[in-house]
Amino acid sequence: MSLLALQRDVRSWLAEESEAAAGRLGAGARPGLDVYLNNYRSQLIACLGEVFERVRLWLGEERFLGVAAAHIDLTPPSGWTLDAYAGGFPDTLERRFPDDPAVSELGWVDLHLAEAFVGADSPALDGQALATADWDGVVLRVAPTLATRLLVTNAAAIWSSLSAGTPPPPVEHLPEPRFLLIWRKDLLSCFRTAEPHEAELLDSAAGGAPFAALCAQLIARLGEEAGVAAAGTMLGRWLGDGLVVDLV
Amino acid sequence: MHALPAHVPTFGLGLRKPHYPDFLDGEQPVPVDFVEVISENFMVAGGKPRHILRKVRERHPVALHGVSLSVGSADGVDHDYLRRLRALVDEIEPMIVSDHLCWTRIEGFSSHDLLPLPYTEEALDIVCANIALAQDMLGRALLIENPSSYICFDDAPMREWEFLEAMSRRTGCGLLLDVNNVHVSATNHGFDPEDYLAGIPADRVGQIHLAGHSRGRALLIDTHDRPVPPVVWSLYEAALARTGPVPTMIERDDAIPPLSELLDELAMARRIACADARRAA
Chain A
18 MSLLALQRDV RSWLAEESEA AAGRLGAGAR PGLDVYLNNY RSQLIACLGE
68 VFERVRLWLG EERFLGVAAA HIDLTPPSGW TLDAYAGGFP DTLERRFPDD
118 PAVSELGWVD LHLAEAFVGA DSPALDGQAL ATADWDGVVL RVAPTLATRL
168 LVTNAAAIWS SLSAGTPPPP VEHLPEPRFL LIWRKDLLSC FRTAEPHEAE
218 LLDSAAGGAP FAALCAQLIA RLGEEAGVAA AGTMLGRWLG DGLVVDLV
Chain B
37 MHALPAHVPT FGLGLRKPHY PDFLDGEQPV PVDFVEVISE NFMVAGGKPR
87 HILRKVRERH PVALHGVSLS VGSADGVDHD YLRRLRALVD EIEPMIVSDH
137 LCWTRIEGFS SHDLLPLPYT EEALDIVCAN IALAQDMLGR ALLIENPSSY
187 ICFDDAPMRE WEFLEAMSRR TGCGLLLDVN NVHVSATNHG FDPEDYLAGI
237 PADRVGQIHL AGHSRGRALL IDTHDRPVPP VVWSLYEAAL ARTGPVPTMI
287 ERDDAIPPLS ELLDELAMAR RIACADARRA A
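Line order of the protein sequences matches chains A and B. If you read the first sequence in this note's numbering, its first letter stands for residue 18, the second for the next number, and so on. If you read the second sequence in this note's numbering, its first letter stands for residue 37, the second for the next number, and so on.
This is the structure we're talking about:
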């Protein structure tokens, strides 16, 4: 048997528990194959359990393990890093709990906080840059770890309670969907909710729109005086939060 | 050929999360000669892992120990993986870069486990080509570790030590001798560990790993979740008699005890190595 054929058979055993493939690897191989299969599945379960800690707490151990096992059956890992395996799990949660969006929203929060934790660093904002900025042409550089998503439930509040070890509130559908922002400031992953118009402005900034264009959007919505004031307030908050990391 | 790291009697521990405060916040550096980290845990864009590694590097030499190079993949090594590893190597300037004689990936499937190879001429050609490419992309010699294995391919013509000798000779790579893995595989596959130690090229051994194991239903399992047992200490002594002094490291990946317990084990390794050196003098 060629090495490639052997490796395909081991893959079939691990990913599909193919008895035919196991048989081709030799009768004496079965005890060892069982060890490798156990290692494979337990490592993936551990990865999902670690990244999706709040989902696990919310669903309970038995339900979480059931969903994780189903995910492993359907989604063999492909990346060289185990961290990458977590990426597809929120989609599985969405399919498994179509009538309970809080579950996949919790999964999204867990995933993106973990991704922000190891995302690209940002240099500290130079205070001089603020003082000398040409505000007509300046572009805000948004934190490279920023992820945004529209939430329809109070998943953010549930996540916070689960993390703090306090009883989580019951699921509520929000009267109006709100955006959740996740990013990292210095070494700390953080999140907060945002009104849709703030998330749109952040999206515009991340897309390279100059600060003047963001101001124009606010002025069009609020009027000249209130729009300019809102732009100043918003910029101050983004700088304080670490959502804006540079001016270019 | 890339030069191998110097053979020096140094003693290190793996850097694991429960011990971060010991390594980062202590007034005095932890009394180890080097720290070994799992490369992939730090092959990330940024954030706390890289920050911690930089801080640890300020205090200690670092060895990078990988689990995902997959030198045994029939479809070759992952160039993106090697570029990321090279970036980490360039920043950290490690004393050693190592990985395992195994395969983890094939055709887009990644097992995240150290899977065994049949010790055939075809596998040797593939492993050597992959190691040569990796060493060229990294700009340095690798140390390749003997794995614990739970399957023995009966029709393979070479024993593991013969494969390691040929691999090392052809690629110029060094060996990371995991003494616990020798014991685990010897027990599982019924060979004499002394034959193994006699068969590997002792002058190519650039590092030694020590660890504990567990007994599964039918096989010994390389669990790294308990102290180094007496049988592994004895084998370590026998290995040192052949290799001479080399960097030695205690591996613990599960049921991680307080750092003081691992330092006690490391002191045991020092005592054995010192006794061996006195005998050799």
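We put the CB at the ideal spot given by N, CA and C, even for glycine. None of these values were measured; they are calculated from a predicted model.
Extract the residue ranges of the alpha helix (DSSP H) inside the segment 190-254 of chain A, only unbroken runs of 4 or more that lie entirely within it. 213-223 and 228-239
Which chain A residues are close to LEU255 of chain B, counting only those with a beta carbon under 7 Å from its beta carbon? Along the second sequence, one-based indexing puts residue 255 of chain B at 219. The answer, in chain order, is PRO48, GLY49 and VAL52.
Whole-Å CB distance - LEU246 of chain B paired with PHE199 of chain B, under 8 Å assumed: On the second sequence, residue 246 of chain B is found 210 positions in, with the first residue counted as 1. On the second sequence, residue 199 of chain B is found 163 positions in, with the first residue counted as 1. About 23 Å; that fails the 8 Å criterion.
Where does ALA99 of chain B sit, in a helix, a strand or coil, going by DSSP? For this step, residue 99 of chain B is matched to residue 63 along the second sequence. Looking at ALA99 of chain B - three-state DSSP - the assignment turns out to be strand.
For VAL155 of chain A, three-class secondary structure by DSSP: Within the first sequence, residue 155 of chain A is the residue found at index 138, counting from 1. Coil at VAL155 of chain A, not helix or strand.
Shorter than 8 Å from the beta carbon of HIS136 of chain B to some beta carbon of chain A? Here residue 136 of chain B corresponds to residue number 100 of the second sequence, with the count starting at 1. Not closer than 8 Å to any Cβ of chain A, the Cβ of HIS136 of chain B fails to qualify, so no.
At which residues does the beta strand (DSSP E) containing ASP61 of chain B begin and terminate? Within the second sequence, residue 61 of chain B is the residue found at index 25, counting from 1. Segment 56-61 is the alpha helix (DSSP H) holding ASP61 of chain B; no beta strand (DSSP E) there.
Do you know how far the Cα of TRP152 of chain A is from the Cα of LYS53 of chain B? On the second sequence, residue 53 of chain B is found 17 positions in, with the first residue counted as 1. On the first sequence, residue 152 of chain A is found 135 positions in, with the first residue counted as 1. Approximately 45 Å between the Cα atoms of the pair.
Going along the chain, which unbroken runs of the beta strand (DSSP E) with 3 or more residues stay wholly within the segment 193-277 of chain B? 210-214 and 241-246
Whole alpha helix (DSSP H) runs in the segment 79-143 of chain A with 4 or more residues, listed along the chain? 106-113 and 118-134
Can you name the start and end residues of the alpha helix (DSSP H) that VAL72 of chain A belongs to? Within the first sequence, numbered from 1, the residue matching residue 72 of chain A stands at position 55. Segment 70-76, the alpha helix (DSSP H) holding VAL72 of chain A.
Are any of the Cβ atoms in chain B nearer than 8 Å to that of PHE196 of chain A? Reading the first sequence from its first residue, position 179 is the one you call residue 196 of chain A. It does not; no Cβ of chain B falls within 8 Å.
Minimum C-alpha distance to SER269 of chain A - residue among A:GLY66, A:VAL188, A:ALA85 and A:ALA164: Residue 269 of chain A lies beyond the range of chain A shown here (18 to 265); nothing can be said about it.
Using 8 Å as the limit for Cβ to Cβ distance, is LYS84 of chain B near chain A? Position 48 of the second sequence, counted from the first residue, corresponds to residue 84 of chain B. Output row for LYS84 of chain B: interface = yes.
Pop quiz: ASP172 of chain B and TYR57 of chain A are said to be a contact at Cβ under 8 Å. What is the actual Cβ separation, rounded to whole angstroms? Reading the second sequence from its first residue, position 136 is the one you call residue 172 of chain B. Reading the first sequence from its first residue, position 40 is the one you call residue 57 of chain A. That belief does not hold up - the Cβ atoms of ASP172 of chain B and TYR57 of chain A are roughly 31 Å apart, past 8 Å.
For GLN145 of chain A and LEU264 of chain A, I'd like the C-alpha separation in whole angstroms. Reading the first sequence from its first residue, position 128 is the one you call residue 145 of chain A. Reading the first sequence from its first residue, position 247 is the one you call residue 264 of chain A. GLN145 of chain A and LEU264 of chain A: Cα-Cα distance of roughly 10 Å.
Which residues in chain B sit within 8 Å of ALA222 of chain A, going by Cβ to Cβ distance? By 1-based counting over the first sequence, the position of residue 222 of chain A is 205. Residues of chain B passing the Cβ test: none, with the nearest at roughly 21 Å.
Distance between ILE128 of chain B and HIS87 of chain B (C-alpha atoms, nearest Å): Position 51 of the second sequence, counted from the start, is the residue given in the question as residue 87 of chain B. Position 92 of the second sequence, counted from the start, is the residue given in the question as residue 128 of chain B. The alpha-carbon atoms of HIS87 of chain B and ILE128 of chain B are separated by roughly 11 Å.
CB contact flag (SER146 of chain B, THR140 of chain B, <8 Å): Counted from its first residue, the second sequence places residue 146 of chain B at position 110. Counted from its first residue, the second sequence places residue 140 of chain B at position 104. Their beta carbons are under 8 Å apart, which means SER146 of chain B touches THR140 of chain B by this criterion.
Bounding residues of the alpha helix (DSSP H) (the contiguous stretch that carries ARG315 of chain B): For the purposes of this step, residue 315 of chain B is taken as residue 279 along the second sequence, with counting starting at 1. Its alpha helix (DSSP H) spans residues 295-316.
Within-8 Å CB hit, GLY43 of chain A to chain B: Here the question's residue 43 of chain A lines up with position 26 in the first sequence. Judged by the 8 Å Cβ criterion, GLY43 of chain A is in contact with chain B.
VAL72 of chain A beta carbon less than 8 Å from that of VAL120 of chain A: In the first sequence, residue 120 of chain A corresponds to position 103, counting from 1. In the first sequence, residue 72 of chain A corresponds to position 55, counting from 1. Cβ distance < 8 Å, so VAL120 of chain A and VAL72 of chain A count as in contact.
Could you name the residues of the same chain whose beta carbon sits closer than 7 Å to that of TRP197 of chain B, not counting the 5 residues immediately before and after it, in chain order? Taking the first residue of the second sequence as 1, we reach residue 197 of chain B at position 161. Within the same chain, TRP197 of chain B has close Cβ partners TYR232, GLY235 and ILE236.
Would you say the segment 249-258 of chain A touches the segment 262-273 of chain B, given that touching needs at least three Cβ pairs under 8 Å? no
Where ARG251 of chain B and VAL52 of chain A are concerned, what is the direct C-alpha to C-alpha distance, given to the nearest angstrom? Residue numbering aside, residue 251 of chain B sits at position 215 when the second sequence is read from its first letter. Residue numbering aside, residue 52 of chain A sits at position 35 when the first sequence is read from its first letter. Approximately 12 Å between the Cα atoms of the pair.
Suppose the cutoff is 6 Å on Cβ atoms and the five residues either side in sequence are ignored; what does the same chain contact list for LEU100 of chain B look like? The count along the second sequence starts at 1 and reaches residue 100 of chain B at position 64. The residues are SER75, PRO130 and VAL133.
Which one or two residues does DSSP pair with ASP164 of chain A in a beta bridge? Reading the first sequence from its first residue, position 147 is the one you call residue 164 of chain A. It is worth fixing the name first, because residue 164 of chain A is Ala in this sequence and not Asp. Bridge partners of ALA164 of chain A: A:ILE199.
Return the first residue and the last residue of the beta strand (DSSP E) that ILE74 of chain B is part of. On the second sequence, position 38 is the one that residue 74 of chain B refers to. Segment 70-74, the beta strand (DSSP E) holding ILE74 of chain B.
Can you tell which of B:ASP312, B:SER221, B:GLY50 and B:LEU174 has the C-alpha that lies nearest to the C-alpha of ARG278 of chain B? Residue numbering aside, residue 278 of chain B sits at position 242 when the second sequence is read from its first letter. Of the candidates B:ASP312, B:SER221, B:GLY50 and B:LEU174, the one whose C-alpha sits nearest the C-alpha of ARG278 of chain B is B:ASP312.
Do the segment 106-114 of chain B and the segment 166-180 of chain B make contact, defined as three or more Cβ pairs closer than 8 Å? yes
Taking the alpha-carbon of PRO193 of chain B as reference, which of B:GLU158, B:ILE187, B:ARG253 and B:VAL163 has the nearest alpha-carbon? In the second sequence, the residue the question calls residue 193 of chain B occupies position 157. The option with the nearest alpha carbon to PRO193 of chain B is B:GLU158.
Answer yes or no: does any C-beta atom of chain B fall closer than 8 Å to that of GLY96 of chain A? Within the first sequence, residue 96 of chain A is the residue found at index 79, counting from 1. True, the Cβ-Cβ gap to chain B drops below 8 Å.
Are there 16 or more other CB atoms within 10 angstroms of the CB of GLN64 of chain B, so buried, or fewer, so exposed? Position 28 of the second sequence, counting from 1, holds the residue named residue 64 of chain B. Answer is exposed; the Cβ neighbour count stays below 16.
Check whether the Cβ of PRO184 of chain A lies closer than 8 Å to any Cβ atom in chain B. Against the first sequence, residue 184 of chain A aligns to sequence position 167. For PRO184 of chain A, the answer is no, since every Cβ of chain B falls outside 8 Å of its Cβ.
Where VAL98 of chain B and LEU153 of chain B are concerned, what is the direct C-alpha to C-alpha distance, given to the nearest angstrom? Residue numbering aside, residue 98 of chain B sits at position 62 when the second sequence is read from its first letter. Residue numbering aside, residue 153 of chain B sits at position 117 when the second sequence is read from its first letter. Their Cα atoms are separated by approximately 29 Å.
Can you confirm whether GLY112 of chain B, when its beta carbon is compared against all beta carbons of chain A, has any partner nearer than 8 Å? Translated into positions along the second sequence, residue 112 of chain B becomes position 76. Chain A, which has no Cβ nearer than 8 Å to the Cβ of GLY112 of chain B, makes this no.
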